[in-house]
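Below is one structure, written out as structure tokens; comments come after it.
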Amino acid sequence: MRTEGTQMTEREIADWEREIRHAQEVQKQRKDREIKRKLKLLDGAINHFNNEVKDNDNEINNQ
């Protein structure tokens, strides 16, 4: 345990930097997965909408 006013060693600093970089990478990966999930949902909604439009066009053309 460190007492107030003591210096961190270079190894401790490197360990902290490594942990911070890892945490940032994990956070970025989570954000990327969330963006991909939302894009997939949006793509599905667009496809559904396009299918509805096609169905409506077909109904109009068949009348």
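Per our numbering, the very first residue in the sequence shown carries number 1; after that it's consecutive.
Don't be surprised by glycine CBs; every beta carbon is placed ideally from N, CA and C.
Predicted, not measured: the structure shown is a model, and the values here were computed from it.
Shown here, Q24 sits in a helix according to DSSP, grouped into three states. Rounded to the nearest whole angstrom, the CA to CA distance from N47 to K28 is 28 Å.
DSSP places Q63 outside both helix and strand once states are collapsed to three, so it counts as coil.
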